[in-house]
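Written below as structure tokens is the structure these notes are about.
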Ligand SMILES: Cc1cc2nc3c(=O)[nH]c(=O)nc-3n(C[C@H](O)[C@H](O)[C@H](O)COP(=O)(O)OP(=O)(O)OC[C@H]3O[C@@H](n4cnc5c(N)ncnc54)[C@H](O)[C@@H]3O)c2cc1C
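Numbering (the numbering used here), first residue to last: 6 to 426.
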């Protein structure tokens, strides 16, 4: 059998793509090496615009998220290395209203499980516990995947008219296509769920230090999610003696940040620490003959701005629109389309590459500017000091990272000047 689409990875990007394609009538196979629910290293925050996208994707999925009583985050606090702090709120009186005055936060194990089930409900066939190891080529175009059953170790070939690489930061599909690039700053992240953190409130927190930063926020049920992001070179949690637990190693590293000292005195880890990295990986092209990339497999720079799930869902929306048109029975005049049943040629996928550029150029610029900026302590001290004195400017920055204030609002010369002077 040849599937219309073989989607590798059932995270937000893969599940949302599979859901949209299946709903349009395509024969879709969604593959993941994990068995769900599975954890994913993440700060687990959905910006207001991401919540809106989730509702637009599938009302039942959003209802299932709300039924998990996720935490509500009304904005973000940024703390500089010198201890200065500023808060930006989503609800503000600038000219770009937030779709909601808050974002949501819940464990990725729950969110991703909900999305994976939504894809299946829409008609996608789902296989878990299967590792995609390679791509299958026919006449120079990708025509399927080679997978290994994680349980039995047996190998199998699956054919599809298009292979969608939605397999995350370390995407096998992107690497096999030869499109993967890594860059500076090379950072790694240690993430954990912690109960009993003092003074966790209704805003997310980003604490910037001299060597890295910590993202921290509630995810419901009295649990706080923590992500410590540090340079990959020499990235190591403090040694606390042989046999030291993660609690004895991770929590002291957090206490070193000025406004975190003392907040973990009664804290307990309720999920193992998961490390991930190096970050800053992207693919030179998101399309090839018979294949395309979406979500982190296409591009992931740095988690500081918390835009990854937004990009995954929005990328899936853009991709599904192009694939649905390309997979439809070809009318006479549509030249770029594939012969019926064959791999989709790159030309048929080109509108997706163009749509990504249009949709994400501003986001890429904001993400890279902030991601690089937090590597300079003096610059962070200065900008946070300005934001503390000018709360509306803070709202604007948080709105831009929350994906509802356009990037051009941040890059306007008078805004940049007010951020620095
Ligand atoms: C420390 C940190 C904090 C973050 N915080 C936030 C945040 O607060 N908010 C936010 O929006 N974003 C955040 N992000 C980014 C966000 O986690 C990602 O952008 C998002 O998960 C991307 O979704 P995805 O579907 O592309 O990939 P993933 O969610 O990584 O899903 C990929 C899937 O592919 C599967 N897979 C991988 N390889 C194979 C294979 N060979 N065969 C079969 N299956 C495979 C995996 O099991 C996985 O299920 C953070 C990231 C990090 C590292």
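No residue lacks a Cβ here, since even glycine has one placed at the ideal position from N, Cα and C.
Per DSSP, the unbroken beta strand (DSSP E) holding residue 236 starts and ends at 228-236. Restricting attention to alpha helix (DSSP H) runs no shorter than 4 residues, the stretch 36-107 encloses them at 53-62, 64-72, ordered along the chain. Ranked by Cα distance from residue 204, the options 12, 10, 82 are led by 82.
Relative to ligand 1, residue 75 has its C-beta separated by 7 Å or more from all heavy atoms. Take residue 405, set aside five residues on each side of it, and the residues of its chain with a beta-carbon closer than 7 Å to its own are 371, 412, 414, 415, in chain order. By the criterion of a C-beta distance shorter than 7 Å, residue 216 is surrounded in its chain by 235, 236, once the five residues flanking it on both sides are discounted.
Under the DSSP definition of a beta bridge, residue 211 partners with 83, 220. Here residue 287 is buried. Its C-beta has 16 or more other C-beta atoms within 10 Å. Beta-bridge annotation (DSSP): residue 372 is not paired with any residue. Shown here for residue 42: same chain residues with a beta carbon closer than 6 Å to its own, the five before and five after excluded, namely 114, 118 in chain order. Using a 10 angstroms sphere on the CB of residue 346, the tally of other CB atoms stays under 16, which defines it as exposed. The C-alpha of residue 417 lies about 16 Å from the C-alpha of residue 395.
By the Cβ neighbour-count rule, residue 211 is buried, with 16 or more other Cβ atoms within 10 Å of its own. Under the three-state reduction of DSSP output, residue 309 falls in the helix class. Here residue 139 is near residue 181, since their CB atoms are less than 8 Å apart.
Secondary structure note for residue 197: its beta strand (DSSP E) is the uninterrupted segment 192-200. Residue 187 sits in a strand when the DSSP states are folded into three classes. For ligand 1, a non-hydrogen atom lies closer than 7 Å to the CB of residue 311. Checking the 7 Å criterion, the Cβ of residue 38 is within range of a heavy atom belonging to ligand 1. At a cut-off of 7 Å, the beta-carbon of residue 315 counts as near ligand 1: some heavy atom of the ligand is closer than that. Residue 268 counts as buried, since no fewer than 16 other beta carbons sit within 10 angstroms of its beta carbon. Straight-line spacing of the CA atoms in residue 222 and residue 37 works out to 28 Å. In terms of Cβ geometry, residue 230 and residue 198 form a close pair [threshold 8 Å]. The beta carbon of residue 91 sits closer than 6 Å to those of 83, 389, 392, 393, 399, all from its chain and outside the five residues before and after it, given in chain order.
Counted as a single uninterrupted DSSP element, the alpha helix (DSSP H) harbouring residue 383 occupies residues 382-394.
Here residue 323 really is in contact with residue 361; their C-beta atoms are around 6 Å apart, less than 8 Å. The stretch 27-35 makes contact with the stretch 123-131, as at least three CB pairs between them are under 8 Å. With fewer than 16 other beta carbons inside 10 angstroms of its own, residue 250 counts as exposed. Scanning the stretch 114-199 for uninterrupted alpha helix (DSSP H) segments of 4 residues or longer gives 177-182, listed from N- to C-terminal end.
Excluding the 5 residues flanking it on each side, residue 97 has same chain C-beta neighbours closer than 8 Å at 103, 397, 400, 401, 404, in chain order. Per the coordinates, the alpha-carbon of residue 280 lies some 6 Å from the alpha-carbon of residue 194.
In the three-state DSSP reduction, residue 288 falls in the strand class (E or B). Ligand 1 has no heavy atom closer than 7 Å to the beta-carbon of residue 326. In its chain, beyond the 5 residues on either side, 78, 79, 80, 81, 82, 92 have a beta carbon closer than 7 Å to the beta carbon of residue 208.
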